[in-house]
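Under this note's numbering, the letters of the sequence shown match residues 95 to 309, in that order. Ideal Cβ positions, reconstructed from N, Cα and C, are used throughout, including at glycine. As the structure is a prediction and not an experimental result, all values here were calculated from the model.
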Amino acid sequence: ANRRFDEVSLIAVTKTYPADDVLRLAGLGVRDLGENRDQEASAKAAAVAAAGAGVTWHFLGRLQRNKCRSVVRYADLVHSVDRIVLASALSDMAVRHRTSALGALVQVSLDGDPGRGGTVVGGTDPDTALASVLAAVDAAPGLALRGIMAVAPRDWSPDEAFEQLQSVAGFVRAEYPHASWLSAGMSGDLESAVAHGSTHVRVGSAVLGKRSALR
Ligand SMILES: *Cc1c(COP(=O)(O)O)cnc(C)c1O
95 ANRRFDEVSL IAVTKTYPAD DVLRLAGLGV RDLGENRDQE ASAKAAAVAA
145 AGAGVTWHFL GRLQRNKCRS VVRYADLVHS VDRIVLASAL SDMAVRHRTS
195 ALGALVQVSL DGDPGRGGTV VGGTDPDTAL ASVLAAVDAA PGLALRGIMA
245 VAPRDWSPDE AFEQLQSVAG FVRAEYPHAS WLSAGMSGDL ESAVAHGSTH
295 VRVGSAVLGK RSALR
């Protein structure tokens with residue numbers, strides 16, 4: 095893809111896999127880990143911290159306001175900020191419970207499917223429109239806007255999805271030059287994501303093996 099190797103970071107998604115696997119990955123130099131459920135992630139992060147490993151946790155999943163208090167305590171970044179009420183709850187909790195800013199990525203929905211989360215490009219609901227969520231995150235105390243994240247819609251080709259996403263990322267960077275991250279690409283579509291400017295791929299099964307539960 096004519097990208098420099100160091101332009102793309104690997105986030106190993108360890109959901110359903112135990113803390114021992116996180117420690118094994120950390121031993122191999124993989125320090126960025128992703129999880130999508132608070133209950134599982136908080137226990138795993140505590141076990142990894144108790145073992146003395148310094149890692150960076152990325153929270154990737156849909157998030158309810160009542161989980162923010164827990165998430166800000168172990169996660170360094172949340173990739174799934176998709177509404178102003180959630181940004182506000184994360185901000186409140188980050189101010190109270192953290193000593194450094196919580197990295198925040200705004201999750202973009204390319205097809206507007208409300209079941210899968212994500213702000214809508216050009217949307218008109220003030221709580222979930224991309225422009226208003228970006229502005230809210232950027233202004234929120236305790237949060238540091240890093241960029242955007244997306245999952246390719248189920249029945250789109252990865253190239254179609256990531257090409258659109260790349261142009262959205264360009265608009266975002268024009269307005270917020272510090273929001274340079276593009277979190278895109280999973281086991282099944284990371285090549286296309288990297289070809290379209292991804293800076294962070296979130297890879298689970300291709301690193302750790304096929305998960306037994308469908309998640
Ligand atoms: C599970 C998950 C991934 C990793 O998926 P794989 O197909 O196993 O690589 C990436 N991003 C999110 C948001 C996830 O929930």
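So is the beta-carbon of R240 under 7 Å away from any non-hydrogen atom of ligand 1? Stepping through the sequence shown from its first residue, residue 240 is reached at position 146. Not so, every heavy atom of ligand 1 lies at least 7 Å from the Cβ.
Within the present structure, is the beta-carbon of K138 separated from the nearest heavy atom of ligand 1 by less than 7 Å? Numbered from its first residue, the sequence shown carries residue 138 at position 44. Not under cutoff, so the answer is no.
Just to confirm, is the Cβ distance from A287 to V297 under 8 Å? Taking the first residue of the sequence shown as position 1, residue 287 is located at position 193. Taking the first residue of the sequence shown as position 1, residue 297 is located at position 203. No, the pair does not count as a contact, with Cβ atoms beyond the cut-off.
Could you name the residues that DSSP lists as bridge partners for W151? Here residue 151 corresponds to residue number 57 of the sequence shown, with the count starting at 1. Per DSSP, L127.
Could you tell me which of H191, D170 and E257 sits nearest to A289, measuring between CA atoms? Against the sequence shown, residue 289 aligns to sequence position 195. The candidate whose alpha carbon is nearest that of A289 is E257.
At a threshold of 7 Å, does K161 count as lining ligand 1 (C-beta to nearest heavy atom)? Position 67 of the sequence shown holds residue 161. Because no heavy atom of ligand 1 lies under 7 Å away, the Cβ of K161 does not count as near it: no.
Does the beta-carbon of N96, which I'm using as the reference point, lie nearer than 7 Å to any heavy atom of ligand 1? As a working note, residue 96 is residue 2 in the sequence shown. No, the Cβ of N96 stays beyond 7 Å of every heavy atom of ligand 1.
Might you give, ordered along the chain, the residues of its own chain that have their beta carbon closer than 7 Å to the beta carbon of A141, omitting 5 neighbours on each side? Against the sequence shown, residue 141 aligns to sequence position 47. Around A141: A113.
Got a list of residues with beta-carbon closer than 5 Å to any non-hydrogen atom of ligand 2, in chain order? Here the bound small molecules are ligand 1; ligand 2 is not part of this structure.
V179: buried (16+ other C-beta within 10 angstroms of its C-beta) or exposed? Indexing the sequence shown from 1 puts residue 179 at position 85. That one is exposed.
Boundaries (first-last residue) of the alpha helix (DSSP H) holding S164: Counting from 1 along the sequence shown, the entry for residue 164 is found at position 70. That run of the alpha helix (DSSP H) goes C162 to Y168.
Classify D176 as buried or exposed, calling it buried when 16 or more other Cβ atoms lie within 10 Å of its own Cβ. Here residue 176 is taken as the residue at index 82 of the sequence shown, counted from 1. Buried.
For L224 and D232, which I take to be in contact (beta-carbon distance under 8 Å), what is that distance rounded to the nearest angstrom? For the purposes of this step, residue 224 is taken as the residue at position 130 of the sequence shown. For the purposes of this step, residue 232 is taken as the residue at position 138 of the sequence shown. Not a contact, Cβ separation roughly 12 Å.
Use the C-beta contact count for E269: other C-beta atoms within 10 angstroms, 16 or more gives buried, fewer gives exposed. For the purposes of this step, residue 269 is identified with residue 175 of the sequence shown, where counting begins at 1. Counting Cβ neighbours within 10 Å, E269 comes out exposed, since fewer than 16 surround it.
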